[in-house]
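Residue numbers (UniProt numbering): 1 to 405. Just so it is clear, CB atoms sit at the ideal spot from N, CA and C, and this is done for glycine as well. Source: prediction; values computed, not measured. Let me begin by presenting the structure, written as structure tokens, before commenting on it.
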């Protein structure tokens with residue numbers, strides 16, 4: 001499409017609306033407004049036009065304003081008064097006049113009855129080339145009018161956590177497109193997990209976008225997503241959808257997700273219970289062991305079918321035994337680990353207190369082992385008030401038990 005043709009034919013510039021669904025109500029809670037160019041039966045996205053920096057700024061601003069006006073007119077005439085309206089803006093263009101033209105337009109519609117707390121300003125921080133402190137101040141000012149801020153395409157390629165924190169968005173739009181690429185899915189999930197932890201810290205709501213398959217929707221549901229968007233749910237359309245458009249389907253899928261998650265949690269609970277009973281019996285059996293290294297060697301031989309490393313730490317995280325480590329199906333002693341301190345590990349001291357209080361073992365989440373790189377879980381068990389047994393479970397065992405995800 002030629003930019004001059006678009007500017008000369010603004011009557012063909014129209015908004016399309018892509019629905020956003022909620023996890024708690026399974027209904028449409030808002031729409032992202034997208035620009036389209038209609039000629040006869042052909043409908044083309046205006047995305048390339050807005051992202052083309054060779055097109056004069058005033059052209060892109062004029063087309064953006066045209067799309068926004070038509071969309072807001074449509075929402076005032078047809079929409080639920082509680083629907084959120086996501087408006088995309090280029091942060092670089094927004095900074096040209098400190099958002100004055102954007103806010104002036106919204107104030108005009110406020111006079112027509114549009115509540116500004118329905119507006120979500122959506123920007124992409126990775127494309128911004130200016131001073132982030134100034135952008136942060138501008139977004140803070142915009143929020144004083146009740147307008148929310150969303151950062152989109154989070155996780156795509158890479159995301160700067162420091163900049164995200166500085167901009168303090170109300171909503172983070174997490175891009176799930178990469179999950180469809182098998183080669184990148186595990187590392188990408190780690191990136192998304194890190195961002196989701198940041199979202200909790202800054203109080204941002206997670207909106208997962210680019211959902212194109214059921215497994216992506218399940219990932220979004222399992223990983224704290226309050227809002228969902230993508231072609232799997234609804235494609236952009238020139239009209240608004242009924243609020244309950246997918247309610248029954250989403251409830252059915254959510255029910256399946258719940259059943260699968262409960263099955264997984266029951267499996268992990270059963271594994272933990274089995275180890276609790278097994279270790280209680282093993283410690284009683286080997287209570288006459290001369291020292292702690294003899295004890296872990298005996299336990300390793302008894303649990304050789306499920307684990308590859310065993311060691312003992314005290315309540316402060318100092319290792320009180322050597323490692324006993326399985327290599328090529330043979331156990332070997334690694335004395336160099338004696339008195340290493342592991343209290344720096346996430347949740348280590350928290351788990352010590354939990355075990356001491358409950359007098360029960362704990363099965364960890366999945367994580368990558370530092371030495372082997374293998375995905376594992378660790379079972380920790382309180383031997384007494386001051387000593388705790390750690391057993392690293394092999395991936396092959398977890399896979400057999402369906403506890404590898």
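In DSSP terms, what residue i is bridged to
i, result
"residue 53", "DSSP output for residue 53 lists no bridge partner at all."
"residue 307", "393"
"residue 473", "Within the shown structure, residues of the chain are numbered from 1 to 405, placing residue 473 beyond reach of any answer."
"residue 375", "368"
"residue 314", "387"
"residue 85", "31, 119"
"residue 124", "DSSP output for residue 124 lists no bridge partner at all."
"residue 174", "154, 208"
"residue 74", "Paired residues: none, contrary to the question."
"residue 13", "37"
"residue 331", "326"
Own chain residues within Cβ distance below 6 Å of residue i, not counting five before or after
i, result
"residue 325", "309, 332, 334"
"residue 119", "85, 147"
"residue 117", "146"
"residue 397", "306"
"residue 152", "122, 124, 173"
"residue 257", "218, 221"
"residue 385", "none"
"residue 383", "389"
"residue 201", "none"
"residue 83", "30"
"residue 297", "324"
"residue 321", "292, 293, 296, 311, 312"
Check whether residue i and residue j have beta carbons under 9 Å apart
i, j, result
"residue 388", "residue 353", "no"
"residue 207", "residue 225", "yes"
"residue 33", "residue 242", "no"
"residue 220", "residue 180", "no"
"residue 210", "residue 229", "yes"
"residue 458", "residue 21", "Lying outside 1 to 405, the shown extent of the chain, residue 458 is not represented and no answer is given."
"residue 49", "residue 88", "no"
"residue 167", "residue 194", "no"
"residue 407", "residue 403", "Because the chain in this structure spans residues 1 to 405, residue 407 falls outside the shown range and cannot be described."
"residue 17", "residue 359", "no"
Residue i to residue j span [Cα, whole Å]
i, j, result
"residue 7", "residue 175", "31 Å"
"residue 44", "residue 380", "57 Å"
"residue 15", "residue 67", "5 Å"
"residue 284", "residue 161", "49 Å"
"residue 303", "residue 278", "9 Å"
"residue 217", "residue 79", "26 Å"
"residue 55", "residue 23", "39 Å"
"residue 347", "residue 104", "50 Å"
"residue 178", "residue 58", "34 Å"
"residue 375", "residue 191", "16 Å"
"residue 265", "residue 149", "36 Å"
"residue 369", "residue 400", "19 Å"
"residue 113", "residue 263", "49 Å"
"residue 189", "residue 155", "9 Å"
"residue 96", "residue 90", "10 Å"
"residue 5", "residue 41", "17 Å"
"residue 231", "residue 246", "13 Å"
"residue 63", "residue 215", "36 Å"
"residue 393", "residue 371", "14 Å"
"residue 2", "residue 53", "14 Å"
"residue 248", "residue 255", "11 Å"
Any chain D beta carbon closer than 9 Å to residue i
i, result
"residue 67", "This model lacks chain D altogether, as it is built from one protein chain only."
8 Å CB neighbourhood of residue i in its chain, flanking five on each side removed
i, result
"residue 319", "311, 312, 313, 337, 338, 339, 340, 341, 342"
"residue 92", "127, 128, 129, 130"
"residue 275", "361, 363, 379, 381, 391"
"residue 101", "61, 65"
"residue 163", "125, 132"
"residue 47", "34, 35"
"residue 300", "307, 310, 324, 326, 331"
"residue 356", "315, 382, 385"
"residue 134", "95"
Cβ-based neighbour list, residue i, same chain, cut-off 7 Å, excluding 5 preceding and 5 following
i, result
"residue 99", "138, 142"
"residue 204", "169, 170, 171, 172"
"residue 38", "12, 14"
"residue 316", "343"
"residue 366", "375, 377"
"residue 165", "198, 202"
Residue i Cβ short of 8 Å to the ligand HEM heavy atom set
i, result
"residue 223", "Looking for the ligand HEM in the displayed structure turns up nothing, as the structure carries no ligands at all."
Hey, is the segment 289-299 in contact with the segment 262-270, meaning 3+ C-beta pairs nearer than 8 Å?
-> no
At a cut of 8 Å, does the segment 101-116 reach the segment 67-84 through at least three beta carbon pairs?
-> yes
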